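In this note's numbering, the protein residues as written are 757 to 914.
Just so it is clear, CB atoms sit at the ideal spot from N, CA and C, and this is done for glycine as well.
Since this is a predicted model, take the numbers as computed values, not measurements.
Have a look at the structure below before the remarks.
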């Protein structure tokens with residue numbers, strides 16, 4: 757009888773510990789939020805890190821502390837590389853516009869053409885920044901969130 761009581765106590769302690777590791781389902785956060793924050797950062801490393809941390813905070817909202825920390829670490833792991841990656845994204849957009857002097861000339865004469873060209877460039881910038889956000893922040897966060905979800909599902913089956 758004493759053995760069973762001890763076993764019950766041990767099992768209760770393990771279940772309490774596991775409850776600290778698993779909570780509600782992870783939140784879904786739009787990647788556009790991060791890409792927009794990158795655009796507004798002006799290339800500032802501090803603002804880029806802040807944007808990545810905010811994305812992580814939203815993705816980890818309501819999760820246990822250990823998972824929150826893992827998601828934040830995943831989001832900021834490559835933060836030092838972000839300014840250079842965004843610079844390369846800008847260079848790709850600008851390379852597309854090289855030789856577009858005739859577009860600027862026509863845009864100066866015909867206002868609609870210039871406005872459309874500017875909108876196209878802004879769309880390309882957003883797309884390139886979204887690619888950087890996906891590679892450097894979103895994919896690593898998604899990997900941790902997937903691990904959390906798989907662990908949570910496995911625990912539910914016990």
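Are residue i and residue j closer than 8 Å when you measure CB to CB?
i	j	result
residue 805	residue 851	no
residue 831	residue 896	yes
residue 797	residue 807	yes
residue 794	residue 889	yes
residue 886	residue 787	yes
residue 815	residue 785	yes
residue 839	residue 799	yes
residue 877	residue 899	no
Grouping DSSP H, G and I as helix and E and B as strand, with all else coil, what is residue i?
i	result
residue 834	coil
residue 820	coil
residue 800	coil
residue 891	helix
residue 789	helix
residue 783	coil
Quick check on residue i: buried or exposed, where buried means 16 or more other Cβ atoms within 10 Å of its Cβ?
i	result
residue 904	buried
residue 759	exposed
residue 906	exposed
residue 892	buried
residue 845	buried
residue 842	buried
residue 765	exposed
residue 819	buried
residue 931	The structure shown does not extend to residue 931, since the chain is modelled only from 757 to 914, so the question has no answer here.
Does any C-beta atom of chain D lie closer than 8 Å to the C-beta of residue i?
i	result
residue 818	Absence of chain D from the displayed structure is noted, only one protein chain being present.
Could you spell out where the alpha helix (DSSP H) holding residue i opens and where it closes?
i	result
residue 904	895-913
Just checking my contact of residue i with residue j at CB under 8 Å: how many whole Å lie between their CB atoms?
i	j	result
residue 988	residue 817	Within the shown structure, residues of the chain are numbered from 757 to 914, placing residue 988 beyond reach of any answer.
residue 901	residue 881	Not confirmed; about 27 Å, so no contact.
residue 828	residue 809	6 Å
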